[in-house]
Amino acid sequence: MTLVTTLVFGLSLGAVYALLAAGVTVVYQAARVPNVAIVAIGTVAAVLHGDLMTPGGRVGSDLGWWPALAVSVVVAAALGLACDLVTRSLREQIVPALVALLGCSALLLAGVNAVWGSGAKFLPPPWGGPSFELGTLALPRSEVATLVVAAAIGVAMTVLYRRSRLGLALRAAAADPEGARMAGVDPAALSRQAWILSSVLGAVAMTLIIHPVLSNTYETTVYIAFAFAAAALGGFRSLPRAAIAGVVLGVVPALLEPGGSSGVGGIGNVVAFVIVAGVLLRRPGLIGRPVLDEVFSSAAADSTRSAARRRAVLTARSRPLPAWVRRVGLAGLALVLAVGVPALSTDIALDAWARGISVFLVCASIVIVSGWTGDVPLGQVAFAGIGAYIVGDLSVRAGLPHFAAVPLAALAALPFAVVVGVPAFRSRGRLGFAVLSLLWMVVAASLLWGPRARWFTGRFTVIRRPDWMETLSGRPAVSYYLMALLVAAAVVWFATNVRRSRVGRALAAGRDSDAGTRALGIDPAHYRLVALAFAAVVAALGGIVAAYGEHPLDPTRFAIFLSIQYFLYTVVGGARSLAGSAVVVFAFEVAPALHRGTPATGPGSVLVLGAVAALTVLVAPGGLAGLFARAAGRVAPPSTPVPVLAGATVGSGFTGVRRDADPFPGGATAGRRPDADPFGDDPYAVGDLFADDPFPDDPFPDDPFLEDPFPEDPFPDGGEGRGGNGHGGDGDGRDGRPRG
2 MTLVTTLVFG LSLGAVYALL AAGVTVVYQA ARVPNVAIVA IGTVAAVLHG DLMTPGGRVG
62 SDLGWWPALA VSVVVAAALG LACDLVTRSL REQIVPALVA LLGCSALLLA GVNAVWGSGA
122 KFLPPPWGGP SFELGTLALP RSEVATLVVA AAIGVAMTVL YRRSRLGLAL RAAAADPEGA
182 RMAGVDPAAL SRQAWILSSV LGAVAMTLII HPVLSNTYET TVYIAFAFAA AALGGFRSLP
242 RAAIAGVVLG VVPALLEPGG SSGVGGIGNV VAFVIVAGVL LRRPGLIGRP VLDEVFSSAA
302 ADSTRSAARR RAVLTARSRP LPAWVRRVGL AGLALVLAVG VPALSTDIAL DAWARGISVF
362 LVCASIVIVS GWTGDVPLGQ VAFAGIGAYI VGDLSVRAGL PHFAAVPLAA LAALPFAVVV
422 GVPAFRSRGR LGFAVLSLLW MVVAASLLWG PRARWFTGRF TVIRRPDWME TLSGRPAVSY
482 YLMALLVAAA VVWFATNVRR SRVGRALAAG RDSDAGTRAL GIDPAHYRLV ALAFAAVVAA
542 LGGIVAAYGE HPLDPTRFAI FLSIQYFLYT VVGGARSLAG SAVVVFAFEV APALHRGTPA
602 TGPGSVLVLG AVAALTVLVA PGGLAGLFAR AAGRVAPPST PVPVLAGATV GSGFTGVRRD
662 ADPFPGGATA GRRPDADPFG DDPYAVGDLF ADDPFPDDPF PDDPFLEDPF PEDPFPDGGE
722 GRGGNGHGGD GDGRDGRPRG
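See the structure below:
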């Protein structure tokens with residue numbers, strides 16, 4: 002491939018990134034919502050477009066390329082309006098809206114497989130026929146068509162932004178949302194128009210890039226990373242900068258990607274990661290003005306009903322069950338898992354349990370980051386893959402014993418966590434970490450265990466279980482399951498104790514207010530990096546557990562979309578609850594595989610997961626754990642009385658807790674002798690309170706405040722402002738301050 006051909010490929014890919022980044026930016030300008038669903042909407046439109054051009058398709062009518070594009074664009078606009086309806090109550094609540102749209106993305110991608118099947122889908126290129134030949138130079142028609150269409154859309158977007166009322170309103174909303182509202186811009190109407198425009202851009206972009214074969218629908222998740230990164234480099238507010246960033250992320254990696262059979266692939270993705278990380282490291286506020294990406298970014302967002310519900314969940318008092326109930330429950334659970342499951346399960350079921358434990362460990366790492374710091378980790382599966390393949394390299398290639406290979410493989414994730422965390426946490430924003438973690442997942446999937454990653458994976462990695470695992474019991478599956486269970490128990494115990502430590506308290510302080518944490522003298526970036534490092538080790542342990550159950554190790558176990566899928570598990574279970582994540586993992590991963598050995602591969606489970614995750618953000622922000630805590634609070638009221646003044650009648654005295662009986666229903670002295678002390682058990686009633694005064698001598702003999710600062714009264718005759726009765730004990734009881 003010549004340099005010119007490579008440049009054309011890079012420009013066409015960069016043009017698609019630019020269109021997607023523009024779609025993300027448009028919605029963010031209008032509603033402060035990062036539109037990560039643009040790729041899923043565009044994928045639906047692209048697959049529908051190909052089906053409309055196929056006579057024997059699901060809805061095939063043998064349309065031409067442009068008529069089919071018109072129909073698919075209309076469908077994409079309708080899907081955009083549906084997403085706007087979902088996020089209407091989350092407008093300007095960036096992190097909750099991001100999570101809800103990730104659920105919508107999973108729902109749409111699984112819906113494509115449900116309608117058109119999970120197999121390969123053939124999509125016609127935008128301009129078929131032989132390549133253009135200029136001497137020895139051959140340029141594919143599809144790439145040229147992509148450049149032409151993208152350039153035409155760029156010109157149309159420029160005119161729209163400079164000459165139309167919609168463009169003016171979008172620019173005003175991007176610069177000052179409150180000022181735009183005061184100027185008469187309707188936020189709801191502007192949001193609908195922005196979603197329609199964004200969905201059209203996504204439909205055109207994905208139709209241009211997906212051809213001729215879409216082998217796996219979930220693989221389109223990779224475009225979310227680059228579109229999100231390009232929008233971030235534009236500050237989520239500038240369309241020209243987002244478009245330029247998209248072109249750069251397409252061209253520069255394409256030029257630096259090695260060709261041939263070098264055995265190393267994904268270098269271009271590494272270059273893209275370095276570009277984004279370098280910008281975040283050098284410019285923490287991104288390009289342009291710093292982005293407002295806190296949970297509640299404005300007064301308008303903070304006053305909504307969903308914001309109040311989410312705030313109530315985050316600030317709710319913990320109402321744990323009684324201690325004896327918790328101890329009995331934990332003991333019963335440990336007995337069931339350690340004794341009952343091995344005794345009653347087949348080897349196939351035990352492998353399913355062990356596989357579910359490996360997924361739970363990855364989800365636990367997500368809970369550690371999202372629940373402890375408030376960030377959105379979308380690349381934790383990458384750490385799991387690193388642990389899995391490194392333990393294989395150390396035990397198979399290097400010949401190290403398993404007791405040495407396992408801890409070394411787990412700790413190998415630490416430097417990667419530092420590389421991701423330092424530039425991301427320097428940005429002091431939630432979106433910066435979400436962008437970089439998702440891009441890191443793309444880098445790991447292509448560089449470390451992609452098709453050309455023989456240098457890291459050795460192609461087929463078969464890990465032999467240690468001899469003690471084979472001889473520990475009469476059934477090797479039991480030994481493998483108990484080993485996985487022991488690792489999970491150790492992680493849960495350690496994480497629980499860290500949560501109660503000084504580090505845990507610092508993380509809790511910075512979860513919702515970085516500024517408040519800095520006011521206390523705590524560096525939130527430092528503790529967020531500590532949490533990410535710990536989470537990376539936990540995720541690596543999950544990959545190690547999975548590696549001992551795979552023969553050979555399957556790279557699809559560490560695919561990009563799985564990182565988003567596992568994140569949605571934690572959303573449904575509760576972002577701060579390990580137990581809630583365990584319940585969801587059992588429901589989606591373990592229970593369907595108990596009889597057949599592998600979880601369901603159809604789109605049904607992902608469809609349910611995406612819908613439930615979006616509803617969880619809207620209706621129950623605390624997930625299953627929040628619902629359980631609310632139910633437990635009704636059964637077991639809080640042990641610490643909470644003063645409640647509502648409902649107390651005048652003259653009845655203050656009651657400590659609602660519905661408590663007043664100890665003095667008729668007043669403090671009712672029913673007592675006039676000379677009786679109402680506080681007969683007062684510990685300070687006997688003896689001198691200061692009998693052992695530590696300062697018997699006055700430590701401040703020259704106290705300047707012991708003398709009257711006004712020895713000569715400026716108002717000796719009760720002048721104006723005092724009236725002769727301004728002292729607190731005289732006249733009308735005023736405190737001596739001037740009237741008026």
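Per the working numbering: the sequence shown = residues 2 to 741.
No residue lacks a Cβ here, since even glycine has one placed at the ideal position from N, Cα and C.
These numbers were taken from a predicted model, which means no experiment stands behind them.
In terms of residue numbering, what span does the beta strand (DSSP E) encompassing A576 cover?
Taken as a continuous stretch (DSSP letters only), A576 belongs to no beta strand (DSSP E), as it is neither H nor E.
Using the rule of at least 16 other Cβ atoms within 10 Å of the residue's Cβ for burial, across every protein chain shown, is S165 buried or exposed?
The residue is exposed, with fewer than 16 neighbouring Cβ atoms inside 10 Å.
Short check: CB of A226 to CB of L439, under 8 Å?
Taking 8 Å as the cut-off, the beta carbon of A226 is found closer than this to the beta carbon of L439.
Report the rounded CA-to-CA distance for F587 versus P241, giving the unit in angstroms.
Each residue's alpha carbon lies about 46 Å from the other.
Residue of G400, V116, W441, G203 minimising C-alpha distance to A16
Taking each of G400, V116, W441, G203 in turn and checking the Cα distance to A16, the smallest one comes out for G203.
Taking contact to mean 3 or more Cβ pairs, one atom from each stretch, closer than 8 Å, check whether the segment 93 to 111 and the segment 202 to 216 are in contact.
The answer is no - the segment 202 to 216 does not touch the segment 93 to 111, with fewer than three Cβ pairs under 8 Å.
If you draw a straight line from the alpha carbon of V377 to that of R431, how long is it in whole angstroms?
In this structure, the CA atom of V377 is about 7 Å from the CA atom of R431.
Under the assumption that L610 contacts F589 (Cβ atoms under 8 Å), give the Cβ distance between them as a whole number of angstroms.
Confirmed, about 6 Å.
Same chain only: Cβ atoms within 6 Å of G433, ignoring 5 sequence neighbours per side:
The residues are L281, A425.
The segment 18 to 35 contacting the segment 228 to 248, beta-carbon criterion three pairs below 8 Å:
By the criterion of at least three beta-carbon pairs nearer than 8 Å, the segment 18 to 35 is in contact with the segment 228 to 248.
From this set, P593, L234, R500, V436, which residue's C-alpha is nearest I245's C-alpha?
Of P593, L234, R500, V436, the residue nearest in Cα terms is L234.
Nearest to W441 by alpha carbon, out of P452, W456, P416?
Comparing Cα-Cα distances from W441 to each of P452, W456, P416, the minimum goes to P416.
Specify the secondary structure class of V377 as computed by DSSP and reduced to three states.
It is coil, neither helix nor strand.
Here's the rule: buried if 16 or more other CB atoms are within 10 angstroms of the residue's CB, otherwise exposed. What is D352?
It counts as buried.
For A139, which beta-bridge partners are listed by DSSP?
Answer is E134.
Could I get the ranges of all uninterrupted beta strand (DSSP E) runs contained in the segment 221 to 250, with 3 residues as the minimum, in chain order?
You should have found no qualifying run.
Tell me which residues share the same chain as M207 and place their Cβ nearer than 6 Å to its Cβ, disregarding the 5 neighbours each side in the sequence.
Answer for M207: G43, T44, A47, listed in chain order.
Which of helix, strand or coil does DSSP assign to L103?
If DSSP states are grouped into helix, strand and coil, L103 belongs with the helices.
On a CA-only basis, which of M470, R59, T7 is nearest A485? Give me that one, please.
Selection M470, R59, T7 evaluated against A485 yields M470 as nearest (Cα-Cα).
Applying the 10 Å Cβ sphere with the 16-neighbour rule, what's the burial state of L331?
Here L331 is exposed: its Cβ has fewer than 16 other Cβ atoms, across all protein chains shown, within 10 Å.
What are the start and end residues of the alpha helix (DSSP H) that includes Q94?
No alpha helix (DSSP H) contains Q94, which DSSP labels as neither H nor E.
Hey, quick one: how far does the alpha helix (DSSP H) through W325 stretch, first residue to last?
In the DSSP assignment, W325 falls within the unbroken alpha helix (DSSP H) covering 324 to 336.
Using only alpha-carbon positions, find the residue among P343, A355, L619 that is nearest to A583.
Nearest option by C-alpha distance: A355.
Contact under 8 Å by Cβ, A170 with A181
Yes, Cβ-Cβ distance for A170 and A181 is below 8 Å.
Chain-order list of residues whose beta-carbon lies under 7 Å from that of A410 (same chain, five-residue window excluded)
Within the same chain, A410 has close Cβ partners G388, I391, V392, L395, A541, I545.
Going by CA-CA distance only, name the one from L124, A176, I197, A189 that's closest to V214.
Here the closest residue by C-alpha is L124.
Please state whether DSSP places V586 in a helix, a strand or coil.
Correct three-state label for V586: helix.
Roughly how many angstroms lie between the CA atoms of L628 and Y162, to the nearest whole one?
Their backbone Cα atoms lie some 45 Å apart in a straight line.
Counting beta carbon pairs with one atom in the segment 360 to 374 and one in the segment 514 to 533, are three or more of them shorter than 8 Å?
The segment 514 to 533 vs the segment 360 to 374: in contact.
DSSP state of F716 mapped onto helix, strand, coil:
Any answer about F716 is weak, because its pLDDT of 45 lies below 50 and its placement is not dependable; what the coordinates show is given next. Coil, per DSSP.
A692 in three-state terms, based on DSSP
Confidence is the limiting factor: at A692 the pLDDT is only 44, short of 50, which leaves the residue's position unreliable and the question unanswerable from this model.
Using DSSP's beta-bridge definition, name the partner residues of V214.
Answer is F123, bridged to V214.
Alpha carbon to alpha carbon, how far is R398 from K122?
Computed Cα separation, rounded: 39 Å.
Where L351 sits in the DSSP three-state scheme:
Three-state DSSP puts L351 in a helix.
Taking DSSP as the reference, what is the three-state secondary structure of A399?
In the three-state scheme derived from DSSP, where H, G and I count as helix and E and B as strand, A399 is classed as coil.
Buried or exposed (CB count within 10 angstroms, at least 16 for buried), S428:
Buried, by the Cβ-count rule.
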